[in-house]
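Right, here's the structure in full:
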């Protein structure tokens, strides 16, 4: 279904200025029971108190559900069969009631001033639809020795250094320019009005569980709304052996990139056809990664045929040319 429509994001934005908006923190979890408690505790420890915490367990087979049960009514649990990241986020958003939605991977942690800072940004500028921040990258060993209070205080003392400016990247997205300011999942916050134009996300699980993930979400969000992108660290990004993009072999990385890029490009063409140039760039880059990955146990031929059938002859030639360009480029570098 084509979700594209004329977008007016400011219908109820005055509510964010005059009231204490509800912030929904959606934690998506799959087999991270060993880290989940720290993620939930960080969300519960927010200095801003008008917060609801939704924990979506996407079919974990470890102790995750025991951890979730131990919090009782402090959180809103959603226990579902495994369906991939998009499915988990859809379930979380459907259950949420917040005016502002913040996403959190279950192996990461929000600092205590995260929600308060995000609310302040939304109240300072009624024109923003999204707010992005950064996180401190740390290993589990570093986190276990961390004084969270001191790191929040240090961050607060540095807050005067940065002056945020409204970013309007909508025309850039239409021209297929990739944003360089979009961070990882746990650094993404959105207005509810914006997400109602994007959700539900297409539920394509794929072999990685990430076929439709934060890449699709943040590119579309930046393409239809305006916002802030801050260098301020409001969380902890956990570095460990299971982080797909830091430890896997090159061919496996290319396989995951291929799936994410091709599926994102395909769904973008279907749901937001004005982003056709960006769609073609993503799909072509994914196709090139697939050809270079040597992992042809996964068959994308139907998606490739469907994608090419949806575009004009000229655009098909363009996609083939761009794919060839990226294929050659991948002969000289590991990842693009």
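In my numbering, the protein residues as written are 50 to 385. For every residue, glycine included, the Cβ atom is placed at its ideal position computed from N, Cα and C.
Closest to residue 375 by CA distance: which of 222, 332 and 214 is it? As a position in the chain shown, residue 375 is number 326, starting the count at 1. Closest by alpha carbon: 332.
Which runs of the alpha helix (DSSP H) fall wholly inside the stretch 210 to 270 and span at least 4 residues, in chain order? You should have 219 to 223 and 241 to 244.
Contact check, residue 238 vs residue 309 under 8 Å by CB: the rounded distance? The sequence position of residue 238 within the chain shown is 189, counting from 1. The sequence position of residue 309 within the chain shown is 260, counting from 1. That pair is no contact at about 22 Å.
DSSP puts residue 185 in a beta bridge; with which residues? Your numbering for residue 185 matches position 136 in the chain shown. Note: residue 185 sits in a beta bridge opposite 285.
Pull up the distance between the alpha-carbon of residue 301 and that of residue 181, whole angstroms please. Taking the first residue of the chain shown as position 1, residue 301 is located at position 252. Taking the first residue of the chain shown as position 1, residue 181 is located at position 132. A direct Cα-Cα distance of roughly 29 Å separates residue 301 from residue 181.
Any idea which residues DSSP pairs residue 90 with across the strands? By one-based count along the chain shown, residue 90 stands at place 41. In DSSP, residue 90 forms no bridge with anything.
By how many angstroms is the C-alpha of residue 240 removed from the C-alpha of residue 147? Translated into the one-based positions of the chain shown, residue 147 becomes position 98. Translated into the one-based positions of the chain shown, residue 240 becomes position 191. A straight line joining the alpha-carbon of residue 147 with that of residue 240 spans about 9 Å.
When you compare only the Cα positions, how much space is there between residue 283 and residue 320? Locating residue 283 in the chain shown gives position 234, where the first residue counts as 1. Locating residue 320 in the chain shown gives position 271, where the first residue counts as 1. C-alpha of residue 283 to C-alpha of residue 320: approximately 32 Å in a straight line.
In angstroms, rounded to a whole number, what distance separates the CA positions of residue 68 and residue 168? Along the chain shown, read from residue 1 onward, the residue named residue 68 stands at position 19. Along the chain shown, read from residue 1 onward, the residue named residue 168 stands at position 119. The straight-line gap separating the alpha-carbon atoms of residue 68 and residue 168 is approximately 11 Å.
Whole-angstrom C-beta distance between residue 318 and residue 304, which should lie under 8 Å: Here residue 304 refers to the residue found at position 255 of the chain shown. Here residue 318 refers to the residue found at position 269 of the chain shown. About 22 Å separates the CB atoms of residue 304 and residue 318; that is not less than 8 Å, and the two are not in contact.
DSSP on residue 343, reduced to helix/strand/coil? The residue you call residue 343 lines up with position 294 of the chain shown. Coil at residue 343, not helix or strand.
Rounded to the nearest angstrom, what separates residue 260 and residue 143 at their Cα positions? By one-based count along the chain shown, residue 260 stands at place 211. By one-based count along the chain shown, residue 143 stands at place 94. Going by C-alpha positions, residue 260 is about 20 Å away from residue 143.
Any idea what DSSP makes of residue 376, helix, strand or coil? Your numbering for residue 376 matches position 327 in the chain shown. Reduced to three states, the DSSP call for residue 376 is helix.
Pull the bridge partners of residue 276 from the DSSP assignment, please. Here residue 276 refers to the residue found at position 227 of the chain shown. Residue 276 pairs with 179 and 216.
Any idea what DSSP makes of residue 296, helix, strand or coil? Taking the first residue of the chain shown as 1, we reach residue 296 at position 247. Because the pLDDT at residue 296 is just 41, under 50, the model does not fix this residue reliably, and the point stays unresolved.
What does DSSP give as the partner residue(s) for residue 74 in the beta ladder? In the chain shown, counting from the first residue as 1, residue 74 sits at position 25. Residue pairing from DSSP places residue 74 in a beta bridge opposite 102 and 151.
Mapping the DSSP letters down to three states, classify residue 367 as helix, strand or coil. Here residue 367 corresponds to residue number 318 of the chain shown, with the count starting at 1. Three-state DSSP puts residue 367 in a helix.
Cα-Cα separation, residue 344 to residue 355: Here residue 344 refers to the residue found at position 295 of the chain shown. Here residue 355 refers to the residue found at position 306 of the chain shown. Straight-line Cα distance between these residues: approximately 21 Å.
Which one of 160, 370 and 152 has the shortest CA to CA distance from residue 87? In the chain shown, counting from the first residue as 1, residue 87 sits at position 38. For residue 87, the nearest C-alpha among the options comes from 160.
Could you give the residue range of the alpha helix (DSSP H) that holds residue 124? Within the chain shown, the letter at position 75 stands for residue 124. Unbroken run through residue 124: none, as it is neither H nor E.
Nearest-angstrom Cβ-Cβ length linking residue 222 and residue 155, presumed shorter than 8 Å: By one-based count along the chain shown, residue 222 stands at place 173. By one-based count along the chain shown, residue 155 stands at place 106. In fact, because the Cβ distance is near 29 Å, the residues do not count as touching under 8 Å.
Between residue 128 and residue 106, which are expected to be in contact by the criterion C-beta below 8 Å, what is the C-beta distance as a whole number of angstroms? What you label residue 128 is simply residue 79 of the chain shown in a count that begins at 1. What you label residue 106 is simply residue 57 of the chain shown in a count that begins at 1. With a Cβ gap of about 5 Å, residue 128 and residue 106 count as contacting.
By how many angstroms is the C-alpha of residue 121 removed from the C-alpha of residue 378? What you label residue 378 is simply residue 329 of the chain shown in a count that begins at 1. What you label residue 121 is simply residue 72 of the chain shown in a count that begins at 1. Their Cα atoms are separated by approximately 52 Å.
Taking the straight line between their C-alpha atoms, what separation do you get for residue 295 and residue 287? As a working note, residue 295 is residue 246 in the chain shown. As a working note, residue 287 is residue 238 in the chain shown. Summary for residue 295: the model assigns pLDDT 45, below 50, so the residue's position carries little reliability; its value from the coordinates is reported in the next sentence. Straight-line spacing of the CA atoms in residue 295 and residue 287 works out to 11 Å.
In the DSSP assignment, find the alpha helix (DSSP H) that holds residue 141 and state where it starts and stops. One-based indexing of the chain shown puts residue 141 at position 92. 134 to 144 is the span of the alpha helix (DSSP H), which, as asked, contains residue 141.
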